[in-house]
Every structure is written in C-alpha cells, then in structure tokens.
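If you're matching positions, the sequence shown starts at 1 in full-length UniProt numbering and goes up one per residue. Where a beta carbon is used, it is the ideal one built from N, C-alpha and C, also for glycine. First the structure, in the form of structure tokens, and then the observations on it.
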Amino acid sequence: EDGRGRITCHGRPKSRTQSTNEEEGYDRGDITVCVEAPMTLAEGYLMDVEHNGQVFPVTVPGGGVNQGQTFQVQLPLPEPSAPPHDEENLAVISDNFVIPQVLSETPISTTTKLVIRNADGTQSVAEETVYSDGTVVKTSVTKSLADSGLFQASRKSPNRQSAAERQVLYADVPMGPWRYPLCQCCKSRGQGMLCMACCCTFIPMGQILQRLKLNPSGGRGTYENTCIAWTGLWISFVFCFIMAIASTPFALFTFFAVFIYAIYALTMARYHMRMKYRIPSRCCKSKACNPGCDDCCCVFWCMPCVICQMLTHTHDQTEYNYKCLSHTGLDKDAPQIE
C-alpha cells in the first residue's frame, strides 16, 4: 500500500443462463458484477462503475462495506447487436439454413472499471480486463484532480475518450454527502465568507447562484448578472428595513416580499445542487413531503449557514479561497461548474 487509497476491482459478468440469477431473483436481462470496496464506505454512498465502456451508478448496500469487502451489484445487460451479413463467410450446411462463420484473431475481452471520488480531492480508478484466453490485466490509479482540473483515468485509443473521461470535468466537487455539515460554517476560509453571509446575506447568495449558472430565481437561464441583481436587492432590502422601522407600510411590504423571494430562490438553488451532486436529504424523507422540503427548512431557519455550505462544497477552500469582490466568489482562473 502506498497510502494514496489504491483500490482493486473485481467484476466478471455471470452467464444469462446461470441458475443462480434465477435463485437470487435477478432479472434474466441483467448481469451480476462483484465489486471489491477500495475503502470503508457508508450505506447509500454512490460510485461509478464502468463495464464494457458504459458507466453505471452503484449504491453501497445496507450496513455499508469495509475496505476489501466484496459485494454484488446488478447491471443491465445491453441488447446484443446482430452481426453484419457477409456472403463470403457463410458455410451452407443444408438447403434451408446458413450459418455465418466468424473469423477473428482478436481475443474477446470484458472490462470493468470502478471510479471513486475521494473526500481529500483525489480520484481513484481501478480497471480489470479479462480476455477469452484467460489473461487478466488489472490497473489502479489515484490522482489529484486539483492539479490539472481535468482527470483522465485511461484511454482506449489516443484519439478517443471513454464516457467516464468525458463525464469527469470538474472533479473537485464531491458526489454524495456535503463537504462540510451545515453547522460547520465557521470552518470556511477565505476573505470573510461567514461575515459576508451574515452581514450581506444576499451578495454571497448571488455569488453561489451565478457560480452554479442559475438565474436570480434559482432556475436555469441567463446567469451573467445574477450576482449584480442580488446585490441590488440587498441594498433595497436594507433600505426597506430602515424605512420599516419608521412604520412605512409600503417599505414593510417590500421588505417581506424581497425576503420571501430570497427564500424561494435559494431553496431552488440548493435543491438543484443536491440533485446534481446526488446529495441526500437529511430530513423530510417521507414520500408525502415535497422533495424540496428539506432545502426550504434549512434556508428559512439558517440562510447564512446554507450559503456557506454551498460555497464550500463546489470548490475546496484549501485550493480556492473565497473572494468577496468576485461575481462568483472565486478567482477568474478557478475551474467553472459544468
């Protein structure tokens, strides 16, 4: 072990006609792949497994797994494609049947790839290729993603990228749990992120919305002026608050209208972020609750903590410090969110 979180992956599809699939209740159109856990993972952790060039999301089973423990996952079996007809390679065995003769010198291989995004900003990739002649080739790579901003695990050819390579473009954003819990906003680094979230709440809120490429309402659309829009709303919000102290009815109405709009926009942005990075909900897990109920509760009761949590999740603060005068809260050379 080199201390970098090296992993091994074992994956070999079972035959579609094996009786074990029927005994365990697996669908006959699926295959079973055995995965060896590269590290101790909690229940519900999501990882990407590439099998024969296709990427499938895999969830850690109930109770979690320990390092080195093997567990089985079920992957859909693609429909086989019909081989091209070639009259020169046909052997006629009767008047009614023609059987194609497939002549190939290349051994058939099965490749299984396991991709893990680590919490320390690295990504581990384990790949196993099993050939029809019995040869087994294993590779394991752990690489820092913050150095290059673009991680390429392996290449099948010098001019073609695999699906996993095209998918991982900004790999410093962890998948699964939040980088920091909600109540650990004091751990945030940079130029006064927590102070900005508490004293100028709508300004860092506009920064995270523009960083996620969302419009001022927290949805998809034109996002280039999102931070400027929320900066203007913050100035109006403070002005209306001062006027509301003087018991001006219109100012009081505007104050509450802007506050409710801010709750709505940040709730939409947090829900979009959780869905994009597969972050599970911590409360309101009942099917009767709306999927955004957890986001709305967190935003309503602790908006500054939510803003700090979202800002620190997209970019590691040890690599990219917070900039209070930037439209996204980052330097211009920081990697963007895809």
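Quick check on this structure: which residue in VAL35, ASP30, GLN67 and GLN184 has the alpha carbon closest to the alpha carbon of LEU114?
It is VAL35.
Does DSSP put LYS276 in a helix, a strand or coil?
The answer is helix: DSSP assigns LYS276 an H, G or I state.
Own chain partners of GLN72 with C-beta closer than 6 Å, once the 5 adjacent residues on each side are dropped
Cβ neighbours of GLN72 within its own chain (closer than 6 Å, five residues either side excluded): THR32 and CYS34.
Of the residues GLY62, PRO181, ALA229 and THR201, which one's Cα is nearest the Cα of GLN210?
Residue nearest to GLN210 within the set GLY62, PRO181, ALA229 and THR201 is ALA229 (criterion: CA-CA distance).
What's the C-alpha gap between ALA262 and PRO181?
ALA262 and PRO181: Cα-Cα distance of roughly 22 Å.
Counting along the chain, where does the alpha helix (DSSP H) carrying CYS308 start and finish?
Here the alpha helix (DSSP H) through CYS308 covers 303 to 314.
Spatial neighbours of LEU75 within its chain, please: CB distance less than 7 Å, with the 5 preceding and 5 following residues excluded, ordered by chain position.
Here the set comprises ASP30, ILE31, VAL33, HIS51 and PHE56.
For residue 343, which of helix, strand or coil comes out of DSSP?
Residue 343 lies beyond the range of the chain shown here (1 to 338); nothing can be said about it.
Three-way DSSP call (helix, strand, coil) for TYR223 in this model
Coil, per DSSP.
Please list, in chain order, all residues of the same chain as PRO177 whose beta carbon is under 7 Å from its beta carbon, the five residues on each side excluded.
Once the five neighbours on either side are set aside, the close Cβ partners of PRO177 are ILE279.
From which residue to which residue does the alpha helix (DSSP H) around ILE203 run?
Start and end: 202 to 211.
What first and last residue would you give for the beta strand (DSSP E) that runs through ALA42?
Looking at the DSSP string, ALA42 is not in any beta strand (DSSP E), and its letter there is neither H nor E.
Option nearest CYS324 by Cα separation, candidates TYR45, GLU127 and CYS195:
Ranking TYR45, GLU127 and CYS195 by Cα distance to CYS324 puts CYS195 first.
How long is the line joining the alpha carbons of ILE116 and GLU43, rounded to whole angstroms?
Looking at the two C-alpha atoms, the distance is approximately 15 Å.
Thinking C-alpha only, which one of VAL137, VAL141, THR135 and VAL136 is nearest ALA126?
When only C-alpha atoms are compared, the closest one is VAL141.
Could you give the DSSP three-state label for VAL130: helix, strand or coil?
Three-state DSSP puts VAL130 in a strand.
Considering only their Cβ atoms, is the gap separating VAL49 from THR110 smaller than 8 Å?
The answer is no: Cβ separation not under 8 Å.
With 16 other Cβ atoms within 10 Å as the buried cut-off, status of ASP333:
Around the beta carbon of ASP333, a 10 Å sphere encloses fewer than 16 other beta carbons of the protein chains shown; the residue is thus reported as exposed.
Could you name the residues of the same chain whose beta carbon sits closer than 8 Å to that of LEU214, not counting the 5 residues immediately before and after it, in chain order?
Cβ neighbours of LEU214 beyond the five flanking positions: ARG220, GLY221, TYR223, THR226, MET268, ALA269 and HIS272.
Determine the contact status of HIS313 and ARG179, defining contact as a CB-CB distance below 8 Å.
Yes, these two residues count as a Cβ contact at 8 Å.
Residue from GLY232, THR231 and MET205 whose Cα sits closest to the Cα of VAL306:
Selected option, being the one with the closest Cα: MET205.
Tell me whether GLU338 sits in a helix, a strand or coil according to DSSP, three-state version.
GLU338: coil per DSSP, three-state reduction.
Could you tell me the distance, in whole angstroms, from the CA atom of CYS297 to the CA atom of VAL258?
In a straight line, the C-alpha of CYS297 is about 18 Å away from that of VAL258.
Going by C-alpha to C-alpha distance, which of GLY53, VAL60 and THR248 sits closest to LEU46?
Residue VAL60 is the option with its Cα nearest to LEU46.
Please report how far the alpha carbon of ALA197 lies from the alpha carbon of GLU128, in whole angstroms.
If I take the Cα positions, the gap works out to 47 Å.
For LEU114, three-class secondary structure by DSSP:
Three-state result, LEU114: strand.
What span of residues does the alpha helix (DSSP H) with CYS34 cover, start to end?
Counting along the chain, CYS34 falls outside any alpha helix (DSSP H), though it belongs to the beta strand (DSSP E) covering 30 to 36.
CB-CB length for VAL58 against ALA37, believed under 8 Å:
No, VAL58 and ALA37 are not in contact; Cβ-Cβ is about 11 Å, not under 8 Å.
Starting from LEU194 and walking both ways along the alpha helix (DSSP H), at which residues does that stretch end?
Its alpha helix (DSSP H) spans residues 193 to 199.
CYS199 versus TRP234: straight-line alpha-carbon distance, rounded
Going from the Cα of CYS199 to the Cα of TRP234 covers about 10 Å.
Is the beta carbon of MET39 closer than 8 Å to that of GLN69?
No; because the gap between Cβ atoms is not below 8 Å, this pair is not in contact.
Residues bridged to GLN54 by DSSP?
When beta bridges are read from the DSSP output, GLN54 appears opposite HIS51.
Would you kindly check if the distance between the Cβ of PHE255 and the Cβ of PHE241 is under 8 Å?
Yes, the pair counts as a contact, with Cβ atoms nearer than the cut-off.
With VAL73 as the anchor, note down where its beta strand (DSSP E) starts and where it stops.
Looking at the DSSP string, the run of the beta strand (DSSP E) that includes VAL73 is 70 to 76.
Beta-bridge partners of CYS142, as assigned by DSSP
Just to set this straight, residue 142 is Thr in the shown sequence, not Cys. Looking at the DSSP assignment, THR142 forms a beta bridge with SER124.
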